[in-house]
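Novice: Would you mind keeping the following structure in view while I ask a few things?
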Amino acid sequence: MRIFLTGCKGQLGRALIQVLAEETLAGCDLPELDITDREAIRRAILTFRPDVVVHAAAWTDVDGCAREPERAFRVNALGTQNVALACAEAGAAMLYISTNEVFDGTATEPYREWDPIHPINPYGRSKAAGEWFVSHLLTRFYIVRTAWLYAPGGRNFPHRILQLAEERGTLRVVTDEISNPTYAPDLALAIAALLRTNAYGIYHLTNSGYCSRYDFARAILRLVGREHILVEPITLDQFRRDSTPPRFAPLANTAAAALGIVLRPWEEALAEFLRGG
Ligand SMILES: NC(=O)c1ccc[n+]([C@@H]2O[C@H](COP(=O)([O-])OP(=O)(O)OC[C@H]3O[C@@H](n4cnc5c(N)ncnc54)[C@H](OP(=O)(O)O)[C@@H]3O)[C@@H](O)[C@H]2O)c1
3 MRIFLTGCKG QLGRALIQVL AEETLAGCDL PELDITDREA IRRAILTFRP DVVVHAAAWT
63 DVDGCAREPE RAFRVNALGT QNVALACAEA GAAMLYISTN EVFDGTATEP YREWDPIHPI
123 NPYGRSKAAG EWFVSHLLTR FYIVRTAWLY APGGRNFPHR ILQLAEERGT LRVVTDEISN
183 PTYAPDLALA IAALLRTNAY GIYHLTNSGY CSRYDFARAI LRLVGREHIL VEPITLDQFR
243 RDSTPPRFAP LANTAAAALG IVLRPWEEAL AEFLRGG
């Protein structure tokens, strides 16, 4: 399979390069290629002639997106429109990586693939607009929603917790933001399996199980032998930040599970990550 990958230097992009090493791959990322440059991304995709484009590039700084919603829309929505238009012209399928933040977090059960989306912050709105472009400009597409990604070398929650534990010795972490911690190499394996199915549609792919940020932080510290570090439980109302995350937004994998694609429990993946991958 000829696969073109956007965001190839990011957490998921790097994991995908490893997992898809047997395929014929090309990739792009900043600063060499900006997906908001319609002609540049069009040329790159038409020249490579991929069977499928995996679109992982995004502006993933959720608080930055809240401060600069125009920029969030330009990169995450219009950038995705550019990729989708190029796929249409090249006759390529597209796999778009989306997020649990397209949901509002008022549910009482994990969100399923067919639940109505209702984003509540600029990042979620920009990613939802990306979903709209993909599903309206193409017929052969996968939308893969995921949550709370982490990978070696990335800007992510486990690294932040370990850094703060080192610097401060005590932590304050929210108990009322809940989702699925997801190890990017596990997601990459699931995406590789999904790409072989040609079963186009909407998918929820995360490590299985879910927890609060507080539980996630406690698990990280326990697994590195630092459970003595004090973690004060707080609520989102006590934690000032620019973006408003959905409170209860875990994803339930129904569609991929029907194809036999299921990720392992998040605790197992986290333990492997903290042992060094
Ligand atoms: N991280 C999460 O917790 C999470 C959760 C749910 C869904 N997702 C989605 O999963 C996907 C992969 O996330 P990730 O964690 O791998 O993100 P990441 O590590 O931030 O990687 C994204 C990559 O896209 C690049 N990029 C940003 N703007 C671009 C532009 N205009 N043109 C070209 N490339 C650009 C980034 O470059 P710079 O680093 O230079 O900006 C980065 O290398 C994203 O679509 C994200 O929305 C992520």
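Residue numbers for the sequence shown follow our numbering, so the first one is 3 and each next one is one higher. C-beta atoms are modelled at their ideal positions from N, C-alpha and C, and glycine is treated no differently.
1. Going by DSSP, what residues sit across from C30 in a beta bridge?
2. Name the two residues that bound the continuous beta strand (DSSP E) containing I193.
3. Give the DSSP-derived three-state secondary structure of G66 in the structure shown.
4. Who are the Cβ neighbours of R142 in its own chain at under 7 angstroms, not counting the five residues just before and after it?
5. If we ignore side chains and look at the alpha-carbon of each, how far apart do E133 and H230 end up?
6. Which class does H206 belong to by DSSP, given the choice of helix, strand or coil?
7. Take every Cβ of the segment 101-111, pair it with every Cβ of the segment 38-53, and state whether three or more of those distances are shorter than 8 angstroms.
8. Under the criterion of a Cβ to heavy atom distance below 7 angstroms, does V77 qualify as lining ligand 1?
9. Hey, would you say I145 sits closer than 8 angstroms to I222, going by beta carbons?
10. Tell me whether S181 sits in a helix, a strand or coil according to DSSP, three-state version.
11. Would T148 and T62 be called neighbours here (beta carbons separated by less than 8 angstroms)?
12. Just to confirm, is the Cβ distance from S210 to R170 under 8 angstroms?
Specialist: Well, looking at it:
1. T8.
2. Unbroken run through I193 is the alpha helix (DSSP H), A186 to L197; no beta strand (DSSP E).
3. helix
4. A95 and Y202
5. 43 angstroms
6. strand
7. Remark: fewer than three beta-carbon pairs, one from each stretch, lie closer than 8 angstroms, so the segment 101-111 and the segment 38-53 are not flagged as touching.
8. yes
9. At the C-beta level, I145 and I222 stay beyond 8 angstroms of one another.
10. The answer is strand: DSSP assigns S181 an E or B state.
11. no
12. Cβ distance not < 8 angstroms, so S210 and R170 don't count as in contact.
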